[in-house]
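Q: When the letters of the sequence shown are read in order and numbered with the UniProt record's numbering, they come out as residues 1 to 188.
Using N, Cα and C, we set each Cβ at its ideal position, and we do this for glycine too.
Please read through the structure below; I'll follow up with questions.
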Amino acid sequence: MNVLIIDGAEIHGHAKGEYNRTLCETAQTVLQDRGHCVAVSRVRDGYDVATEVKKISACNVMIFQFPVYWFHMPGGLKQYIDQVYMAGRGTLWLNDGRAQGGPYGSGGLMQDKKYMLSLTWNAPLDAFGDPEKLFEGRDVDDAFFMFHKMQQFMGATALPTFSCHNVIANPEIETDCARLQDHFAQCL
């Protein structure tokens, strides 16, 4: 299987992207050891849009690894997606689907692809699923509803999300890397 890991971490103040880099390196090693072909795109290092379209076209699975900044993906990753997906018209998507008589959101050409979110949060896990806390009972995937809809628009299918919590207040990178390995064993 061909896997593309997209590292969307940025450097901001005390956040140096090391947690996400370690998770990316762990993912790459684990997946290669299992016989998968793995490519990595590190958004902050720059990229060629046409090359990224080719990488996405060639992969079976995209793993989006990034820290959650202010309840969303980092700005550089959003720009990457905007640029690469727009340049992929005709390769990654055709139109919004209505031109072929389908419903809005059915014009994606990525039906042969799966994607996975791998997120790092400073929010603790118990901030989710409890109606009395900030996320009002919602889970991590609810918080990234629009990201999932974007991938659905493109035709891709979600794999279970992987999420690390409390990474600034109480980082546990070794535990999180072991959990990521187990996550891959279950879903890839």
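Which first and last residues belong to the alpha helix (DSSP H) in which L109 is found?
A: L109 -> no alpha helix (DSSP H), and no H or E assigned at all.
Q: Which full runs of the beta strand (DSSP E) of 3+ residues lie inside the segment 24-95, going along the chain?
A: For the segment 24-95, whole beta strand (DSSP E) runs of length 3 or above, ordered along the chain, are 37-42 and 61-67.
Q: Return the first residue and the last residue of the alpha helix (DSSP H) that D182 is part of.
A: Where D182 is concerned, the enclosing alpha helix (DSSP H) stretches over I173 to C187.
Q: Can you give me the start and stop residues for the alpha helix (DSSP H) that D141 sits inside?
A: From DSSP, the alpha helix (DSSP H) with D141 extends over V140 to A143.
Q: Please name the residue, chosen from L125, Y115, L180 and K149, that lies closest to I168 on a Cα-to-Cα basis.
A: Nearest C-alpha to I168: L125.
Q: Roughly how many angstroms lie between the CA atoms of D48 and L23, to the nearest whole one?
A: Answer to the nearest angstrom: the Cα atoms are 23 Å apart.
Q: Measuring alpha carbon to alpha carbon, tell me which residue in K133, V43 and A27 is nearest I11.
A: Cα-wise, what sits closest to I11 is V43.
Q: Is it buried or exposed, A178, if we count other Cβ atoms within 10 angstroms and call 16 or more buried?
A: Looking at its Cβ environment, which holds fewer than 16 other Cβ atoms inside 10 Å, A178 is exposed.
Q: Exposed or buried, H183, counting other C-beta atoms within 10 Å across all chains shown (16 or more means buried)?
A: Label assigned to H183: buried.
Q: For the beta strand (DSSP E) containing I162, name the first residue and the last one.
A: Per the sequence presented here, residue 162 reads as Phe, with Ile not at that position. Counting along the chain, the beta strand (DSSP E) containing F162 begins and ends at F162 to C164.
Q: V3 lies in the beta strand (DSSP E); which residues open and close that run?
A: Run containing V3: N2 to D7, per the beta strand (DSSP E) assignment.
Q: Below 9 Å between beta carbons: does that hold for A158 and M116?
A: Yes; because the gap between Cβ atoms is below 9 Å, this pair is in contact.
Q: Which residue from G75, P131 and G90 puts its Cα closest to that of V53?
A: Closest by alpha carbon: G90.
Q: Mind reading off the beta-carbon distance from N60 to M1? Whole number of angstroms is fine, and I expect it under 8 Å.
A: Between M1 and N60 the Cβ distance is about 5 Å, and since that is below 8 Å, they are a contact.
Q: Have a look at F66, C164 and A27 and flag the residue whose alpha-carbon is nearest the alpha-carbon of V3.
A: V3 has its Cα closest to that of A27, out of F66, C164 and A27.
Q: Quick one: using the 10 Å Cβ neighbour count with 16 as the cut-off for buried, is N170 buried or exposed?
A: Classification for N170: exposed.
Q: Quick check on A58: buried or exposed, where buried means 16 or more other Cβ atoms within 10 Å of its Cβ?
A: Answer is exposed; the Cβ neighbour count stays below 16.
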